[in-house]
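Protein chains: 4
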Amino acid sequence: MIKKYSKLIAAAIDAKKFAYDPVTGIGVGAAVLTTEGNIYKGCNVQSVISGLGTCAERCAIDNAIAHGAYNFQAIAVSFPSRNSTRPCGACLQIIHELSEIKDIDTQIICLNKFGDVVEETSIRKLLPKGYGPKESKKDVKQYRINKDK
Amino acid sequence: MIKKYSKLIAAAIDAKKFAYDPVTGIGVGAAVLTTEGNIYKGCNVQSVISGLGTCAERCAIDNAIAHGAYNFQAIAVSFPSRNSTRPCGACLQIIHELSEIKDIDTQIICLNKFGDVVEETSIRKLLPKGYGPKESKKDVKQYRINKDK
Amino acid sequence: MIKKYSKLIAAAIDAKKFAYDPVTGIGVGAAVLTTEGNIYKGCNVQSVISGLGTCAERCAIDNAIAHGAYNFQAIAVSFPSRNSTRPCGACLQIIHELSEIKDIDTQIICLNKFGDVVEETSIRKLLPKGYGPKESKKDVKQYRINKDK
Amino acid sequence: MIKKYSKLIAAAIDAKKFAYDPVTGIGVGAAVLTTEGNIYKGCNVQSVISGLGTCAERCAIDNAIAHGAYNFQAIAVSFPSRNSTRPCGACLQIIHELSEIKDIDTQIICLNKFGDVVEETSIRKLLPKGYGPKESKKDVKQYRINKDK
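Chains as they are written, first to last, in this note's numbering: chain A, 1 to 149; chain B, 150 to 298; chain C, 299 to 447; chain D, 448 to 596.
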């Protein structure tokens with residue numbers, strides 16, 4: 001299972017090198033795999049204003065959407081900790097929202113600071129019954145096909 | 150002046166096509182020009198959760214940072230309105246923060262829905278004396294050189 | 299169980315009347331119960347900028363902190379939907395972060411549009427193993443005692 | 448001019464004592480004065496997740512809205528710095544948005560760490576031509592009358 005995500009995992013680890021983290025010095029890397037098989041990277045972008053930073057997961061997702069990809073098979077995150085950790089609730093919320101477009105149970109692969117896979121889980125396991133486009137009656141069908149090439 | 154930004158402007162207009170805007174249907178496009186001459190695009194990424202969306206300007210900046218570029222000569226924004234408008238305060242804050250790394254007065258080019266340049270201004274004009282890394286004593290010198298190729 | 303939260307539930311329902319929701323017209327109300335037995339209300343505060351809104355849960359928490367209360371026994375949320383729904387991931391993250399201060403398993407009471415309790419759960423059930431002060435090595439002991447009277 | 452804001456200034460300074468700032472240890476206090484003459488306080492609420500903190504200004508505004516007040520005559524902010532600084536762009540954006548409800552030029556009073564007024568300015572000076580409800584065609588007239596008592 002993990003084998004099929006080896007490129008994605010390598011991308012998440014690589015993405016960490018560009019982290020903009022002047023506030024805490026703690027870099028995080030992430031990468032998303034689209035349903036078409038493309039990979040987009042992201043790193044955390046901190047801000048001296050506590051409410052304006054971007055997590056690595058979110059950065060990777062926004063990078064993908066900036067290229068026309070909305071549907072994700074999996075996301076890998078390279079955390080700075082020794083032990084297992086997981087994407088924050090805000091990132092889970094965004095992963096959930098987008099996963100509703102095509103009812104995909106986006107896989108979530110958590111890596112520790114050594115690059116080991118410490119957990120392989122999914123958005124439905126981490127944020128079951130999340131609030132999304134369905135509850136708010138927003139039609140997201142137009143985003144069912146990724147527009148990136 | 151604008152002529153030298155023609156590619157950037159075209160990129161901002163083009164970026165709008167990927168906007169993820171299921172909440173209001175109002176798409177925005179943006180593009181940043183790095184000090185090395187590279188261009189990164191972004192579009193708005195709305196969320197059914199009112200606090201979790203990303204503006205197009207921010208999306209373009211995060212896209213650039215995900216590629217290792219932190220220093221921006223200019224940003225162009227393709228707004229959906231007929232008349233002049235400007236980046237929101239949160240985007241100005243981020244542009245300001247990053248502009249402090251190399252003391253660049255990042256140029257801001259505002260386009261209307263027809264693709265006309267309605268205003269050409271700069272971050273120092275729109276958010277003078279903004280709070281940034283200097284005030285919070287964060288060392289951002291390590292980001293003075295863009296790492297993207 | 300619910301009986302002991304009857305005042306909290308009434309407060310969450312009442313809070314909805316002040317919702318600032320010009321974007322979607324969908325109001326949400328919330329209320330937190332501190333470990334000292336005080337109640338603070340909140341409503342959603344939308345923004346025309348998609349990233350700058352505040353959820354009702356967050357508004358109630360910020361209201362409490364503005365009064366010196368950081369430790370919460372329970373939070374009740376009055377949702378606008380007919381069926382069950384839950385706080386968004388970003389709100390769960392903040393509830394989790396604060397719950398780490400005193401290792402409290404903050405109770406979460408979800409109400410539908412009719413004021414019925416549709417789910418009674420807790421932060422540990424909804425966001426197990428969330429990333430918080432412990433992982434980021436931030437000392438939050440100084441907030442163990444609520445300072446409000 | 449400042450004399451008439453003496454209570455507001457005292458409230459902003461007092462609010463700082465409740466700051467939740469485990470990430471940087473830098474507390475900020477704020478207070479808003481409604482058009483009815485009521486005062487609501489706020490402090491910064493940091494988060495270990497860089498995008499989820501709340502500024503003191505925003506906290507005070509959300510506190511006011513949680514009590515039914517949307518229209519503000521003035522806001523005072525007690526900054527932790529020696530010299531002059533100003534609200535961040537995101538806070539200016541929210542102040543601007545709400546100021547459009549009744550076309551009020553909300554006064555902004557900036558205090559340094561000693562409690563001295565270092566600048567007295569206004570939202571129209573700091574964020575002229577900000578994007579708000581008008582541009583996004585959202586009707587905010589229903590919020591023209593504060594509902595708090």
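Note that the Cβ used here is the ideal one computed from N, Cα and C, for glycine as well.
**Prompt:** If we cut at 8 Å on Cβ distances, does GLN222(B) have a partner in chain A?
**Reply:** no
**Item:** VAL495(D) to PRO431(C) span [Cα, whole Å]
**Value:** 6 Å
**Positions along the region 80-103 of chain A whose CB lies within less than 7 Å of some CB in chain B** = ALA90, GLN93, ILE94, GLU97
**Request:** Could you confirm whether any beta carbon from chain C is found closer than 8 Å to the beta carbon of LEU127(A)?
**Result:** yes
**Request:** Grab me the residues of TYR154(B)'s own chain with a C-beta within less than 8 Å of its C-beta, minus the 5 sequence neighbours each way, in chain order.
**Result:** LEU182, ALA223, ALA225, GLN256, ILE258
**Message:** Considering Cα atoms alone, identify which of THR383(C), VAL415(C), ILE337(C) is closest to ALA309(C).
**Reply:** ILE337(C)
**Item:** Presumed contact (8 Å Cβ cut-off) between ALA364(C) and ALA507(D), rounded CB distance
**Value:** 7 Å
**Asked** Taking a cut of 8 Å between CB atoms, which residues from the region 500-524 of chain D lie near chain C?
**Response** THR501, ARG505, CYS506, ALA507, ILE508, ASP509, ASN510, ILE512, ALA513, HIS514, GLY515, TYR517
**Asked** ALA503(D) and ASN491(D) look like a contact to me (Cβ under 8 Å); what is the Cβ gap, rounded to whole Å?
**Response** 5 Å
**Request:** Hey, could you find the ends of the beta strand (DSSP E) LEU409(C) is sitting in?
**Result:** 405-409
**Request:** Return the chain-ordered list of same chain residues with a C-beta closer than 7 Å to the C-beta of ILE548(D), the five sequence neighbours on each side being excluded.
**Result:** TYR517, ASN518, VAL587, TYR590, ARG591
**Request:** Output the distance between the C-alpha atoms of THR184(B) and ASP312(C), rounded to the nearest integer angstrom.
**Result:** 53 Å
**Message:** Can you check which of these residues, ASN232(B), LEU201(B), ARG235(B), is closest to GLU97(A) by C-alpha distance?
**Reply:** LEU201(B)
**Request:** Could you pull out every residue in the same chain whose Cβ sits closer than 7 Å to the Cβ of ARG571(D), ignoring the five residues on either side in sequence?
**Result:** ASP552
**Request:** Note down, in chain order, each residue of its chain lying with its Cβ closer than 8 Å to the Cβ of ASP360(C), except the 5 sequence neighbours on either side.
**Result:** GLY340, THR352
**Message:** The beta strand (DSSP E) that contains LEU480(D), what's its start and end?
**Reply:** 476-481
**Request:** Out of TYR169(B), ASP265(B), LYS152(B), state which residue places its alpha-carbon closest to the alpha-carbon of ASN146(A).
**Result:** TYR169(B)
**Prompt:** Does ASP254(B) have its Cβ less than 8 Å from a Cβ in chain A?
**Reply:** no
**Asked** Using the beta-carbon count (16 or more within 10 Å), is THR385(C) buried or exposed?
**Response** It should be noted that the sequence gives Pro, not Thr, for residue 385(C). By the 10 Å Cβ count, PRO385(C) comes out buried.
**Prompt:** Would you call ARG82(A) buried or exposed, if buried means 16 or more other Cβ atoms sit within 10 Å of its Cβ?
**Reply:** exposed
**Asked** Who are the neighbours of GLU582(D) on chain B, taking C-beta pairs under 7 Å?
**Response** SER230, THR234
**Prompt:** Hey, is ALA164(B)'s beta-carbon within less than 8 Å of any beta-carbon in chain A?
**Reply:** yes
**Request:** Output the distance between the C-alpha atoms of LYS17(A) and THR173(B), rounded to the nearest integer angstrom.
**Result:** 36 Å
**Prompt:** For TYR303(C), does the three-state DSSP call read helix, strand or coil?
**Reply:** helix
**Item:** is_contact[ILE49(A), chain D] using C-beta, thresh 8 Å
**Value:** yes
**Asked** Mind pulling the chain A residues with CB within less than 8 Å of ASN491(D)?
**Response** SER50
**Asked** Looking only at DSSP bridge pairs, what is CYS43(A) linked to?
**Response** GLY29(A)
**Prompt:** For LEU111(A) versus ILE26(A), is the C-beta spacing smaller than 8 Å?
**Reply:** no
**Request:** Verify the CB distance criterion: does VAL479(D) have a CB-CB separation below 8 Å to chain A?
**Result:** no
**Message:** So the candidates are ALA30(A), ARG58(A), GLU135(A); which of them puts its Cα closest to the Cα of ILE94(A)?
**Reply:** ARG58(A)
**Selection from SER248(B), ASP265(B), PRO171(B) that minimises the alpha carbon distance to SER227(B)** = ASP265(B)
**Request:** Determine the closest residue to PRO229(B) out of LYS584(D), ALA478(D), SER546(D), with distance taken between C-alpha atoms.
**Result:** LYS584(D)
**Request:** Could you tell me which chain D residues have their CB closer than 9 Å to the CB of PHE316(C), listed as they occur along the chain?
**Result:** ILE512, ALA513, HIS514, GLY515, ALA516, TYR517, LYS594, ASP595
**Message:** Please state the DSSP three-state secondary structure of SER583(D).
**Reply:** coil
**Item:** Residue from ALA30(A), LYS3(A), LYS7(A) with nearest C-alpha to LYS113(A)
**Value:** ALA30(A)
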